[in-house]
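Protein chains in written order, with this note's numbering: chain E, 5 to 309; chain Y, 6 to 374. Each residue gets a CB set at the ideal place from its N, CA and C atoms; glycine is no exception. These notes are about the structure you will find just below.
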Amino acid sequence: MSIAVHIEELTRTFGDFVAVDHVNLSVKKGEIFGFLGPNGAGKSTTIKMLCGLLMPSSGKGSVGGYDIIKQSEEIKKTIGYMSQRFSLYDDLTVEENIDFFSGIYGVPVEKKRDRKEWVLKMAELGLRRTDLTRTLPGGVKQRLALGCAILHEPPIIFLDEPTSGVDPVSRRNFWDLIYGMSMAGTTTFVTTHYMDEAEYCDRLGLIYRGRLIAQGAPAELKADYMKRDVLEIEADRIIEAMDVLRAHDIETAIFGSSLHATLEDGDKGIPLIRDILGEARIEVNSIGKIAPSLEDVFVTLIEEA
Amino acid sequence: MKLVRIKAIAKKESIQIIRDPYSLAMAFLMPVMLLFIFGYAITLDVDNLPTVIYDRDKSSMSRDLVAQFRESHYFTIVAYADDQADIDKYIDAGKARVAISIPEDFSKNVATGSDAPIQVAVDGSDSNTATIALGYIAAISDQYSRRVGKSLAVPAIDPRVRIWYNPELKSRNFIVPGLIAVIMAIIAALLSSLTISREWERGTMEQLISTPVKPPELIIGKLSAYFVIGFIDVLMAALIGIYLFDVPLKGSPLLLMMFSSLFLFGGLGLGVFISASAKSQLLASQVSLITSYLPALLLSGFMFSIPNMPAPLQLITHIVPARYFVTMLKSVYLKGGTLKLLIFETAALAIYGVITFALANKRFRKRIE
Numbered sequence: 005m006s007i008a009v010h011i012e013e014l015t016r017t018f019g020d021f022v023a024v025d026h027v028n029l030s031v032k033k034g035e036i037f038g039f040l041g042p043n044g045a046g047k048s049t050t051i052k053m054l055c056g057l058l059m060p061s062s063g064k065g066s067v068g069g070y071d072i073i074k075q076s077e078e079i080k081k082t083i084g085y086m087s088q089r090f091s092l093y094d095d096l097t098v099e100e101n102i103d104f105f106s107g108i109y110g111v112p113v114e115k116k117r118d119r120k121e122w123v124l125k126m127a128e129l130g131l132r133r134t135d136l137t138r139t140l141p142g143g144v145k146q147r148l149a150l151g152c153a154i155l156h157e158p159p160i161i162f163l164d165e166p167t168s169g170v171d172p173v174s175r176r177n178f179w180d181l182i183y184g185m186s187m188a189g190t191t192t193f194v195t196t197h198y199m200d201e202a203e204y205c206d207r208l209g210l211i212y213r214g215r216l217i218a219q220g221a222p223a224e225l226k227a228d229y230m231k232r233d234v235l236e237i238e239a240d241r242i243i244e245a246m247d248v249l250r251a252h253d254i255e256t257a258i259f260g261s262s263l264h265a266t267l268e269d270g271d272k273g274i275p276l277i278r279d280i281l282g283e284a285r286i287e288v289n290s291i292g293k294i295a296p297s298l299e300d301v302f303v304t305l306i307e308e309a
Numbered sequence: 006m007k008l009v010r011i012k013a014i015a016k017k018e019s020i021q022i023i024r025d026p027y028s029l030a031m032a033f034l035m036p037v038m039l040l041f042i043f044g045y046a047i048t049l050d051v052d053n054l055p056t057v058i059y060d061r062d063k064s065s066m067s068r069d070l071v072a073q074f075r076e077s078h079y080f081t082i083v084a085y086a087d088d089q090a091d092i093d094k095y096i097d098a099g100k101a102r103v104a105i106s107i108p109e110d111f112s113k114n115v116a117t118g119s120d121a122p123i124q125v126a127v128d129g130s131d132s133n134t135a136t137i138a139l140g141y142i143a144a145i146s147d148q149y150s151r152r153v154g155k156s157l158a159v160p161a162i163d164p165r166v167r168i169w170y171n172p173e174l175k176s177r178n179f180i181v182p183g184l185i186a187v188i189m190a191i192i193a194a195l196l197s198s199l200t201i202s203r204e205w206e207r208g209t210m211e212q213l214i215s216t217p218v219k220p221p222e223l224i225i226g227k228l229s230a231y232f233v234i235g236f237i238d239v240l241m242a243a244l245i246g247i248y249l250f251d252v253p254l255k256g257s258p259l260l261l262m263m264f265s266s267l268f269l270f271g272g273l274g275l276g277v278f279i280s281a282s283a284k285s286q287l288l289a290s291q292v293s294l295i296t297s298y299l300p301a302l303l304l305s306g307f308m309f310s311i312p313n314m315p316a317p318l319q320l321i322t323h324i325v326p327a328r329y330f331v332t333m334l335k336s337v338y339l340k341g342g343t344l345k346l347l348i349f350e351t352a353a354l355a356i357y358g359v360i361t362f363a364l365a366n367k368r369f370r371k372r373i374e
């Protein structure tokens, strides 16, 4: 499989601040690559360098076979980019925005109509085509922005926090769109700070304070980086139970109506926890090993970083 | 360069202008307002100067002299003073700008053919008006002397003056054409100076620079939308000038439009250059006012004659495009100037346009700095 995005030792500084610190990664063609990290970790800065919007301070990279430093204008013909901040014209109507980007991307005349109808359908805006964009709700705006960024059917798309501030149902719909395009062969590079969204990606890169601290498929990350076991405990009085376990130096957190305890060896932990809680007269309804979530992985990785 | 991209940008820009009441007001209301303010308020003609008369002679001859002043439209007699203190009172209070005092022996002196001085006091706090008033007074007295002083020797030199191009010496006839330059300069630079900085501020530029659009496409697309506005403004200003202010247009209207387009091109280029350099709208609009409006008003020869300026300022006026445009406008309006006569100015404006466009193009980066 060939490579769509490849970067080596990519670095960008703003004065003394190192926003992106010697990052290496590659994304295969057709893959959904998730770029995961807290706000300010360097996700947007990396994406802007890949799209040819920002010059790297050092390092190199290529997108669709074009050099990000010397051939940024070639890259711009190959990609679709959706920025974190809503960046369509909100004083233009839905249709006017589509027509504008259609013209800018040079969508051939014979395709224009079809592409426009496709975007309107995808964003579910068929009935609101003459509405001013500023009157649309957040989730719909995001879908329209995505639609405008891919009017020209680019082989690679970069989405910077496409679902931030969007309600859960719209987020789900949005990911369905991305899946659909991925099936059709589009490479997607997407940043997010939602852990549940990270699970949808083929591969992930975890970035923290400018440094890439891990990359791999979600399952690989869990297997490779989560050396410790996670136990799920269902018990009465879980807050009291958590306090008791913490008092015995066991890392414990509440997940919904149960507790997650993280320890080196889960098999040995089960009888230990039963003893501790029994002594405190807290009844344990069930206890068992579970697969760690990405959130568990990420928290562990950040603590080690 | 792709025409389809230029068209997309021009269309988008036009829609945005039409939907934005501020842009619309700036594009179409401001020029009309400026034209009215300048056209009515700025007149360099001296008319109806309030004048007080102190006639101590009270003869038919002195009354005849006073009548000469009264009948010219330059002076309006507001009062007749009874003594010298009265005159001071009128001048001090600003009720009169000119005081004419005729001595008791005036008619006797005129009759005997000896010198007949009259005393004139002029309020010099507005030196320009004072100088012009003195000229009128001298002319009226001179005319009077020739008529009544038969015994006076006729001067050897008798100038028969003919004033060319603006025979009535109406200042509005050269203010209105000059005004077109000032209005164009403001409109061109102010409107276009916001166009790029606005997109940076709103975040739409980030999307735009991620597309394959080329800087010249973006600039030409944006310019063409503003060019149409500027052209409508010239047309409006010319029509208001001709029909409302009675400023005759002697030359070809086509030539006027051609020269205006050339000037607009440079002015818009400057605006886009400023806009590409300053990433905030506020800064861009201030810089554009300083670099376009002020020079057009002060250094173009519109209000102040260039040959009267100190040498270093005169040199600077050569890089003020409005200077050439004002010359062209006055020539086309008042003298019926032709392209052949104005070829130097035409070339200067064309060069200026090419330079500002090239600068704007060079300055606009498809990168976040």
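- The Cβ of Glu99(E) sits no closer than 8 Å to any Cβ of chain Y.
- Sequence-distant partners of Asn171(Y) (beyond 5 residues in either direction) whose C-beta falls short of 7 Å from its own C-beta, in its chain, are Asn178, Phe179 and Leu339.
- In the structure shown, Gly169(E) falls within a coil segment according to DSSP collapsed to helix, strand and coil.
- Legend: CB atoms of the stretch 14 to 33 of chain Y lying less than 9 Å from CB atoms of chain E belong to residues Ile14, Lys16, Lys17, Ile20, Gln21, Arg24 and Asp25.
- Per DSSP, the beta-bridge partners of Lys32(E) are Ile7(E).
- Across the set Lys231(E), Leu263(E), Ala153(E) and Gly38(E), the C-alpha of Gly38(E) shows the shortest separation from the C-alpha of Glu203(E).
- Of the other Cβ atoms in all chains shown, fewer than 16 fall within 10 Å of the Cβ of Glu287(E); this residue is therefore exposed.
- Contact between the stretch 126 to 139 of chain E and the stretch 89 to 104 of chain E is present, with at least three C-beta pairs closer than 8 Å.
- Short of 6 Å from the beta carbon of Glu109(Y), and not among the five residues preceding or following it, lie these beta carbons of its own chain, in chain order: Arg61 and Asp62.
- Contact annotation, Gly272(Y) with Ser297(Y): C-beta distance approximately 6 Å; criterion of less than 8 Å satisfied.
- Put simply, the CB of Tyr85(E) is near chain Y, with a gap under 8 Å to one of its CB atoms.
- Of the other Cβ atoms in all chains shown, 16 or more fall within 10 Å of the Cβ of Lys145(E); this residue is therefore buried.
- If you draw a straight line from the Cα of Leu240(Y) to the Cα of Thr167(E), it is about 50 Å long.
- When Ile237(E), Glu78(E) and Leu131(E) are compared, the shortest CA-CA separation from Pro158(E) is found for Glu78(E).
- The beta carbon of Leu139(Y) lies closer than 7 Å to those of Val127 in the same chain, with the five residues before and after it left out.
- In summary, Phe41(Y) is exposed, with fewer than 16 beta-carbon neighbours lying within 10 Å of its beta-carbon over all protein chains present.
- In this chain, the alpha helix (DSSP H) harbouring Ser19(Y) covers Leu8 to Arg24.
- Looking at the DSSP output, Ile82(Y) sits in a beta bridge with Thr56(Y).
- In this model, Gly143(E) and Ser174(E) are separated by some 6 Å (Cα to Cα).
- Scanning its chain for C-beta atoms nearer than 6 Å, with the 5 sequence neighbours on each side dropped, one finds around Val277(Y) the residues Ser197, Ile224 and Ala365, in chain order.
- Taking the beta carbon of Lys100(Y) as reference, no residue of chain E falls within 7 Å; the closest one sits roughly 56 Å away.
- With respect to chain Y, the C-beta atom of Glu165(E) has no partner C-beta closer than 8 Å.
- At the C-beta level, Tyr109(E) and His156(E) come within 8 Å of one another.
- When Cβ-Cβ separations below 8 Å define contact, Thr200(Y) makes no contact with chain E.
- Gln88(E): not part of any alpha helix (DSSP H); DSSP gives it neither H nor E.
- For a Cβ distance threshold of 7 Å, residue set Lys80, Ile108 and Tyr109 of chain E lies close to Thr216(Y), ordered along the chain.
- At the C-beta level, Leu334(Y) and Ala242(Y) stay beyond 8 Å of one another.
- The stretch 199 to 212 of chain Y makes no contact with the stretch 255 to 269 of chain Y, as fewer than three CB pairs between them are under 8 Å.
- For Leu57(E), the nearest CB of chain Y lies under 8 Å from its own CB, placing it at the interface with that chain.
- Taking the CA atoms as reference points, Pro317(Y) sits about 14 Å from Leu303(Y).
- Look at the beta carbons and you see the stretch 7 to 16 of chain Y touching the stretch 99 to 108 of chain E: at least three pairs across the two are nearer than 8 Å.
- For Leu96(E), a Cβ of chain Y is located within less than 8 Å of the residue's own Cβ.
- For Tyr231(Y), the enclosing alpha helix (DSSP H) has its first and last residue at Pro220 to Tyr248.
- Only residues of its own chain outside the window of five on either side were considered, and among them Ile7, Val9 and His10 have a CB closer than 7 Å to the CB of Ser30(E), listed in chain order.
- The beta-carbon separation of Glu100(E) and Ile23(Y), rounded to 12 Å, does not stay under the 8 Å limit for a contact.
- Between Ile356(Y) and chain E, the shortest Cβ-Cβ separation is not below 8 Å.
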